[in-house]
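Engineer:
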Amino acid sequence: MSATPVQTAAPRWLGLWPAAMLTLFFLVPFGIMLAVSVAHRDVSGFYEWSFEWDSYARFLSAFFGKVMAVSISVSLTAAAICVALAFPFTVFLSNMGHRAQTRILVVLLSALALSEVIIGFSLSTLLSQTAGIGNLFHWLGLIDEPRAYTPSLFALITGLCYIGFPFAVLVLYPPVSRLDPEIVEAARVMGASGPRAFFGVIVPNLRGAIVGAFILVFVFTLGSYLLPQLLGRSEHWTLSVHITDQAVYQSNLPFGAAMSVFLMLVALALVGLASLAGRERGAA
Amino acid sequence: MTRALKTTYVLVILALLLAPLVIVAAVSLNGPQSLRFPPVDPSLRWYGELFRQSEWLVPLRHSLVIAACAAALAVAIALPLALYVWERRGIAARALTGMGLAPFALPPVISALGFMIFWMTLGGYGRIYATIISHGIFLVTLPLVTISLGLKGIDRSLIEAARVMGAGRWGVFRTVILPLLIPYMVSGYAFAFVLSLNEYIIAYMVAGFTVETLPIKIFNALRYGYTPILAVVSVIFAALSALIFGLIGRFGNLPRLLGAERSQHD
Amino acid sequence: MTELRIDSLSKDFGTFRALDSVSLDIPNGKFVCLLGPSGCGKTTLLRLIAGLETPTDGRVYVGGADQTEVPTHKRGMGMVFQSLALFPHLDVADNIAYPLAIRGVDKATRRARAEELLELVQLPGLGSRRIHQLSGGQRQRVAIARGLSINPQVFLLDEPLSALDASLREHMQIELRQIQQRLGVTTVVVTHDQKEALTMADLVIVMKDGVIQQAGAPMELYHTPANAFVAGFIGTTNLMPCTVADGVVSVLGHAFPITEGDRIAITSGEAQLSVRPEHVLLGAPDEGLPAEVSFLRDLGESLHVLMRVGDQEITAHLAPGHGHDLVTGQTVGIRFRDGEKVVVQ
Ligand SMILES: Nc1ncnc2c1ncn2[C@@H]1O[C@H](COP(=O)(O)OP(=O)(O)OP(=O)(O)O)[C@@H](O)[C@H]1O
Ligand SMILES: [Mg+2]
Chain R
1 MSATPVQTAA
11 PRWLGLWPAA
21 MLTLFFLVPF
31 GIMLAVSVAH
41 RDVSGFYEWS
51 FEWDSYARFL
61 SAFFGKVMAV
71 SISVSLTAAA
81 ICVALAFPFT
91 VFLSNMGHRA
101 QTRILVVLLS
111 ALALSEVIIG
121 FSLSTLLSQT
131 AGIGNLFHWL
141 GLIDEPRAYT
151 PSLFALITGL
161 CYIGFPFAVL
171 VLYPPVSRLD
181 PEIVEAARVM
191 GASGPRAFFG
201 VIVPNLRGAI
211 VGAFILVFVF
221 TLGSYLLPQL
231 LGRSEHWTLS
241 VHITDQAVYQ
251 SNLPFGAAMS
261 VFLMLVALAL
271 VGLASLAGRE
281 RGAA
Chain D
1 MTRALKTTYV
11 LVILALLLAP
21 LVIVAAVSLN
31 GPQSLRFPPV
41 DPSLRWYGEL
51 FRQSEWLVPL
61 RHSLVIAACA
71 AALAVAIALP
81 LALYVWERRG
91 IAARALTGMG
101 LAPFALPPVI
111 SALGFMIFWM
121 TLGGYGRIYA
131 TIISHGIFLV
141 TLPLVTISLG
151 LKGIDRSLIE
161 AARVMGAGRW
171 GVFRTVILPL
181 LIPYMVSGYA
191 FAFVLSLNEY
201 IIAYMVAGFT
211 VETLPIKIFN
221 ALRYGYTPIL
231 AVVSVIFAAL
241 SALIFGLIGR
251 FGNLPRLLGA
261 ERSQHD
Chain B
1 MTELRIDSLS
11 KDFGTFRALD
21 SVSLDIPNGK
31 FVCLLGPSGC
41 GKTTLLRLIA
51 GLETPTDGRV
61 YVGGADQTEV
71 PTHKRGMGMV
81 FQSLALFPHL
91 DVADNIAYPL
101 AIRGVDKATR
111 RARAEELLEL
121 VQLPGLGSRR
131 IHQLSGGQRQ
141 RVAIARGLSI
151 NPQVFLLDEP
161 LSALDASLRE
171 HMQIELRQIQ
181 QRLGVTTVVV
191 THDQKEALTM
201 ADLVIVMKDG
211 VIQQAGAPME
221 LYHTPANAFV
231 AGFIGTTNLM
241 PCTVADGVVS
251 VLGHAFPITE
261 GDRIAITSGE
271 AQLSVRPEHV
281 LLGAPDEGLP
291 AEVSFLRDLG
301 ESLHVLMRVG
311 DQEITAHLAP
321 GHGHDLVTGQ
331 TVGIRFRDGE
341 KVVVQ
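Protein chains in written order, with this note's numbering: chain R, 1 to 284; chain D, 1 to 266; chain B, 1 to 345.
1. Taking the alpha-carbon positions, what's the LEU108/R to ILE236/D distance?
2. Terminal residues of the continuous beta strand (DSSP E) containing ILE314/B?
3. Note down, in chain order, every chain D residue with its Cβ under 7 Å from the Cβ of THR72/B.
4. Whose Cβ in chain R lies nearer than 9 Å to the Cβ of ARG169/D?
5. Of the choices LEU5/D, ALA207/D, ILE248/D, whose alpha-carbon is the least far from that of LEU93/R?
6. With a threshold of 6 Å on Cβ separation, who are the neighbours of ALA93/D within its own chain once the five nearest residues in sequence on each side are excluded?
7. Taking just the CA atoms, how far does LEU203/B sit from PRO27/B?
8. In chain order, what are the residue ranges of uninterrupted alpha helix (DSSP H) at least 4 long that sit wholly in the stretch 96-160 of chain D?
9. Cα separation between GLY333/B and GLY283/B?
10. Determine the closest residue to HIS41/B out of VAL32/B, GLU313/B, ASP57/B, VAL22/B, with distance taken between C-alpha atoms.
11. In whole angstroms, what separates the C-alpha of ALA228/B from that of ILE179/B?
12. Residues of the stretch 192-209 of chain R with a CB closer than 7 Å to any CB of chain D: list them in chain order, please.
13. With distances taken Cα to Cα, identify the nearest neighbour of PHE165/R among LEU231/R, PHE154/R, THR90/R.
14. Excluding the five sequence neighbours on either side, which residues of its own chain have a C-beta within less than 7 Å of the C-beta of ALA238/D, listed in chain order?
15. Taking the C-alpha atoms as reference points, what is the distance between GLY323/B and ALA114/B?
16. Contact between the stretch 260-273 of chain B and the stretch 284-292 of chain B is defined here as three or more beta-carbon pairs at a separation below 8 Å; is this criterion met?
17. Just tell me which of LEU126/R, MET21/R, LYS66/R, SER73/R has its CA closest to the CA of LEU17/D.
18. Name the chain D residues whose beta carbon is nearer than 7 Å to that of PHE87/B?
19. Quick one, which residues of the stretch 178-206 of chain D are near chain B if we go by CB-CB under 7 Å, in chain order?
20. Excluding the 5 residues preceding and the 5 following ALA215/B in the sequence, name in chain order all residues of the same chain whose CB lies nearer than 8 Å to its CB.
21. Step through the CB atoms of chain D and report whether any lies within less than 7 Å of the CB of LEU103/B.
22. Give the straight-line distance between the Cα atoms of ALA284/R and GLY272/R, rounded to the nearest whole angstrom.
23. Could one say the Cβ of LEU176/B lies closer than 7 Å to chain D's Cβ atoms, at least one of them?
24. Does the contact criterion of 3 or more C-beta pairs under 8 Å hold for the stretch 207-215 of chain D versus the stretch 39-46 of chain D?
25. For LEU77/B, which residues in chain D fall below 7 Å Cβ to Cβ?
26. Quick check on this structure: which residue in ILE32/R, LEU22/R, GLY15/R has the alpha carbon closest to the alpha carbon of GLY304/R?
27. Is it true that the CB of ILE147/D sits closer than 7 Å to the CB of LEU79/D?
28. Output, in sequence order along the chain, the residues in the stretch 44-71 of chain R whose CB is closer than 7 Å to any CB in chain D.
29. What's the call for PRO254/R, buried or exposed, on a 16-neighbour Cβ count within 10 Å?
30. By the criterion of Cβ-Cβ separation under 9 Å, what are the contact partners of TRP86/D in chain R?
31. What residue does the alpha helix (DSSP H) around MET190/R start on, and which one ends it?
32. Grab the span of the alpha helix (DSSP H) containing MET172/B for me, first residue to last.
33. Could you tell me if the beta carbon of CYS40/B falls within a distance shorter than 6 Å of some heavy atom in ligand 1?
34. Going along the stretch 49-61 of chain B in order, which residues come within less than 7 Å of chain D, judged by CB to CB distance?
35. Classify MET172/B: buried if its beta carbon has 16 or more other beta carbons within 10 angstroms, exposed otherwise.
36. Taking the alpha-carbon of PRO107/D as reference, which of LEU160/R, LEU263/R, GLY15/R, GLY200/R has the nearest alpha-carbon?
Next comes the structure, spelled out in structure tokens:
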């Protein structure tokens with residue numbers, strides 16, 4: 001057997017550097033976090049290595065159940081609103097010209113990149129007593145006294161929708177823009193009206209993508225940390241807030257780590273589900 | 001639905017997205033130290049103030065340094081990773097891709113806590129390099145996605161042609177792959193830069209008490225009440241993000257970078 | 001000396017054998033066409049010569065030196081890809097001078113050489129254009145110029161003209177041949193267009209299913225095909241089952257005497273008779289093999305007469321001015337021109 005070494009463009013050793021970096025700074029931290037989640041809490045602020053399920057056992061408390069319920073229902077609501085608004089938006093967007101698309105994408109990306117703290121601040125200004133819509137309503141004579149609409153559940157969900165919407169559009173954008181425009185045209189030619197074509201052709205063809213986007217937006221809003229603090233009341237705190245609270249302020253690293261592991265498993269399962277839903281698109 | 005109706009829908013949503021920023025921009029023009037809308041006694045006073053108060057300048061510098069370095073690190077990891085994975089299909093390649101995508105796909109608090117415990121154990125807790133590395137790892141996904149997209153667009157026969165014409169591995173990389181990838185590396189860097197600039201929770205948990213970044217500073221300042229400087233910083237941040245993405249859109253193909261394949265462009 | 005020798009080269013893709021023990025000797029300075037149907041392994045053979053694939057078995061020699069283990073970039077070959085593979089990030093001159101740049105040649109020399117080659121391919125002064133500013137035919141020429149810029153030992157082209165429209169293609173065929181003759185470079189061109197092969201080649205190699213069917217000068221293949229496949233693939237022909245015995249060839253129950261110049265591969269037994277349409281002669285029904293005219297196709301320069309004998313179709317091409325009295329449905333007698341019967345296995 002003779003062998004001209006037919007080369008790949010990248011030598012094998014090239015993988016070593018990213019592998020080393022990601023292992024050291026991503027896998028190892030995870031490993032340590034897993035270990036800490038079963039460690040024993042030390043009241044002095046740290047932990048002692050051991051193996052106990054105490055931190056996980058705390059999940060079974062009523063308090064934790066309530067946190068989960070709030071976290072999940074708030075995120076579910078926001079994700080549903082986001083996807084419902086974002087889907088038609090994305091369809092319309094993807095049918096625009098290249099320049100218009102680029103401009104709108106710039107706005108969306110800028111909104112998406114904006115720090116939660118700035119979004120929280122902007123929205124709380126918008127909903128505040130002195131500078132926001134309360135003021136406006138008062139001026140219009142709709143209400144007697146200017147009032148603040150934050151903090152409240154409404155403000156929180158508005159905030160989550162604000163961060164979730166651009167994300168939803170960007171998740172939906174690739175599958176939507178790859179949808180063959182001819183199938184819609186075919187439906188139109190065969191007599192379907194605009195809305196008929198939309199609900200009868202576009203939506204069913206992208207069912208998988210929509211479900212996938214819904215799950216991803218759900219996970220994304222689940223990770224929101226600042227908005228619940230800036231726009232919601234303490235009973236609206238999400239798991240993310242509780243994790244930080246336990247780790248930083250209550251000095252209970254094991255419990256924080258355990259919640260984190262739990263959140264990760266949930267998120268991983270959901271992301272896996274989303275990619276399955278996205279893949280099923282071709283078969284559907 | 002008619003065209004006008006569709007356009008209206010898109011515009012209304014864009015207006016809603018912009019509304020809070022418009023309010024904030026207006027509020028930033030308040031003369032006195034208060035949050036009023038419409039602004040009272042409008043002036044640019046607080047914009048000057050920002051650059052005079054070291055209380056704000058230090059976090060600004062931190063943020064810029066962290067973002068610049070972390071984005072560079074992210075690209076430095078993503079480029080070899082993307083190249084390695086490009087022509088390979090094995091478990092190693094798949095595991096690497098997974099590791100490159102995971103940090104960004106999970107709720108950030110998970111990575112944040114992982115990094116925090118890691119640096120506490122190793123001793124980098126509270127140091128700026130810990131924030132830089134953590135951000136770099138967290139944001140690897142973005143240049144990884146853009147660079148992989150760039151590689152996907154490189155015609156295999158270009159590389160074979162270069163090889164036949166005498167280019168070895170390094171020659172092919174230097175004269176063909178790299179020049180074709182540069183736009184994708186730049187946009188990956190820019191994405192990572194903007195996201196690092198705006199990232200809160202990892203920066204906070206890794207070194208929040210010693211290395212204050214702007215988002216941390218804003219959040220801390222919010223607890224002591226509103227000042228127009230907050231609005232000023234928000235406006236500058238939003239403008240900076242828009243500027244960077246605008247540049248990508250101007251010089252690159254943003255629809256394609258974001259995954260549209262049938263996009264009319266050269 | 002840069003003759004190219006290929007010694008029982010084989011290539012497997014998994015369990016599929018794309019090339020099966022191919023051997024070839026290509027003398028220095030010859031223009032060779034690899035011809036065959038899609039999927040027969042032409043590209044694979046070319047890529048093996050260039051070193052872009054690793055052979056499963058066999059050797060490649062250039063100028064007597066074993067190249068089998070030499071990596072692609074050290075083989076010093078020129079190649080034109082089917083997609084052309086021009087670099088979008090370089091201008092025309094930099095594309096053409098790329099092999100020189102890789103070898104560290106200085107810029108002034110590169111520019112001068114690029115201009116020289118641009119003149120050779122009749123595109124003088126286009127050096128600073130970007131690739132996307134060129135027409136298809138111009139790109140083609142740039143790719144050819146690039147392949148020639150280091151005076152390669154061997155010049156390889158994979159269906160270089162297939163993307164061009166018919167008239168430009170014929171023009172480029174002639175031009176490519178002229179350039180090759182001027183430079184005297186050993187050249188291998190892949191094509192599945194037999195006319196292209198006949199126009200350009202000194203040597204045509206017909207392949208099928210990874211095996212060489214016949215290698216020879218174009219007219220040799222045309223007149224003395226080694227088998228039915230080659231006969232059918234080079235030019236158009238009528239292939240009919242026949243038996244050979246005692247100086248006659250029997251076709252569809254009619255005996256034709258073997259005449260001087262007929263190429264009969266066997267002395268007796270069953271085989272295939274190949275007769276080119278221009279050598280099919282028509283006469284009265286009793287003068288030959290009776291056949292029914294099923295279709296008439298008048299192309300001006302010739303008249304194509306399609307005929308049937310049972311299930312067998314036979315076509316005759318008549319020179320202008322002949323056969324104007326023919327009508328479909330009519331019965332005619334078929335004869336074959338003396339010395340133009342070819343019996344192949
Ligand atoms: N990388 C590969 N992996 C598996 N099979 C391959 C590969 N490359 C080629 N083949 C197979 O080898 C055979 C020969 O391919 P090749 O490309 O050489 O054909 P070709 O003669 O150039 O055909 P065409 O005229 O269509 O270009 C084909 O059946 C093809 O499917
Ligand atoms: Mg081929």
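We put the beta carbon where it would ideally sit given N, CA and C, even for glycine. None of these values were measured; they are calculated from a predicted model.
Structural biologist: So, from the data block:
1. On the first sequence, position 108 is the one that residue 108/R refers to. On the second sequence, position 236 is the one that residue 236/D refers to. C-alpha separation (whole angstroms): 17 Å.
2. Counting from 1 along the third sequence, the entry for residue 314/B is found at position 314. 312-318 is the span of the beta strand (DSSP E), which, as asked, contains ILE314/B.
3. For this step, residue 72/B is matched to residue 72 along the third sequence. Chain D residues near THR72/B: ARG163, VAL164.
4. Counted from its first residue, the second sequence places residue 169/D at position 169. GLN7, THR8, ALA9, ALA10, PRO11, listed in chain order.
5. On the first sequence, position 93 is the one that residue 93/R refers to. Measuring from the Cα of LEU93/R, the nearest candidate turns out to be LEU5/D.
6. For this step, residue 93/D is matched to residue 93 along the second sequence. Counting only Cβ-Cβ distances below 6 Å, and skipping sequence neighbours, we find VAL85.
7. For the purposes of this step, residue 27/B is identified with residue 27 of the third sequence, where counting begins at 1. For the purposes of this step, residue 203/B is identified with residue 203 of the third sequence, where counting begins at 1. Cα to Cα, PRO27/B sits roughly 10 Å from LEU203/B.
8. 108-122, 128-138, 141-152
9. Here the question's residue 333/B lines up with position 333 in the third sequence. Here the question's residue 283/B lines up with position 283 in the third sequence. Cα to Cα, the separation comes out at about 5 Å.
10. As a working note, residue 41/B is residue 41 in the third sequence. The amino acid at residue 41/B is misidentified as His; the sequence shows Gly. The option with the nearest alpha carbon to GLY41/B is VAL22/B.
11. To locate residue 228/B, count along the third sequence from 1; it is residue 228. To locate residue 179/B, count along the third sequence from 1; it is residue 179. For ALA228/B and ILE179/B, the distance between alpha carbons rounds to 34 Å.
12. GLY194, PRO195
13. Here residue 165/R corresponds to residue number 165 of the first sequence, with the count starting at 1. When only C-alpha atoms are compared, the closest one is THR90/R.
14. In the second sequence, the residue the question calls residue 238/D occupies position 238. The answer, listed in chain order, is LEU21.
15. Position 323 of the third sequence, counting from 1, holds the residue named residue 323/B. Position 114 of the third sequence, counting from 1, holds the residue named residue 114/B. Using only the alpha carbons, I get a separation of about 56 Å.
16. no
17. For the purposes of this step, residue 17/D is identified with residue 17 of the second sequence, where counting begins at 1. Residue nearest to LEU17/D within the set LEU126/R, MET21/R, LYS66/R, SER73/R is LEU126/R (criterion: CA-CA distance).
18. On the third sequence, position 87 is the one that residue 87/B refers to. What PHE87/B touches in chain D: LEU158, VAL176.
19. Those residues of the stretch 178-206 of chain D placed with their C-beta closer than 7 Å to a C-beta in chain B are PRO179, LEU180, ordered along the chain.
20. On the third sequence, position 215 is the one that residue 215/B refers to. Once the five neighbours on either side are set aside, the close Cβ partners of ALA215/B are LEU24, LEU203, VAL204, ILE205, VAL206.
21. Within the third sequence, residue 103/B is the residue found at index 103, counting from 1. Sequence inspection shows Arg at residue 103/B; the Leu mentioned does not correspond to that position. True, the Cβ-Cβ gap to chain D drops below 7 Å.
22. Sequence index remark: in the first sequence, residue 284/R carries index 284 (1-based). Sequence index remark: in the first sequence, residue 272/R carries index 272 (1-based). Reliability of the predicted coordinates at ALA284/R is poor, the pLDDT of 34 falling under 50, and the value obtained from them is presented with this limitation in mind. Rounded to whole angstroms, ALA284/R to GLY272/R spans 18 Å at the Cα level.
23. On the third sequence, position 176 is the one that residue 176/B refers to. Among the CB atoms of chain D, none fall inside 7 Å of the CB of LEU176/B.
24. Three or more Cβ pairs closer than 8 Å define a contact, and the stretch 207-215 of chain D falls short of that threshold against the stretch 39-46 of chain D.
25. Locating residue 77/B in the third sequence gives position 77, counting from the first residue. Residue identity differs from the one stated: residue 77/B is Met in this sequence, not Leu. Those are VAL164, listed as they occur along chain D.
26. With chain R running from 1 to 284 in the structure shown, residue 304/R is simply not present.
27. Here residue 79/D refers to the residue found at position 79 when the second sequence is read from its first residue. Here residue 147/D refers to the residue found at position 147 when the second sequence is read from its first residue. For LEU79/D and ILE147/D, yes; Cβs fall inside 7 Å.
28. Taking a C-beta cut-off of 7 Å against chain D, none of the residues of the stretch 44-71 of chain R qualify.
29. For the purposes of this step, residue 254/R is taken as residue 254 along the first sequence, with counting starting at 1. It counts as buried.
30. Position 86 of the second sequence, counted from the start, is the residue given in the question as residue 86/D. By Cβ distance, chain R contributes THR8, ALA9, ALA10.
31. To locate residue 190/R, count along the first sequence from 1; it is residue 190. Looking at the DSSP string, MET190/R is not in any alpha helix (DSSP H), and its letter there is neither H nor E.
32. Along the third sequence, one-based indexing puts residue 172/B at 172. For MET172/B, the enclosing alpha helix (DSSP H) begins and ends at 166-183.
33. Indexing the third sequence from 1 puts residue 40/B at position 40. Indeed, a heavy atom of ligand 1 lies less than 6 Å from the Cβ.
34. ALA50, LEU52
35. Along the third sequence, one-based indexing puts residue 172/B at 172. Buried: at least 16 other Cβ atoms inside 10 Å.
36. On the second sequence, residue 107/D is found 107 positions in, with the first residue counted as 1. Per the C-alpha coordinates, the member of LEU160/R, LEU263/R, GLY15/R, GLY200/R positioned closest to PRO107/D is LEU263/R.
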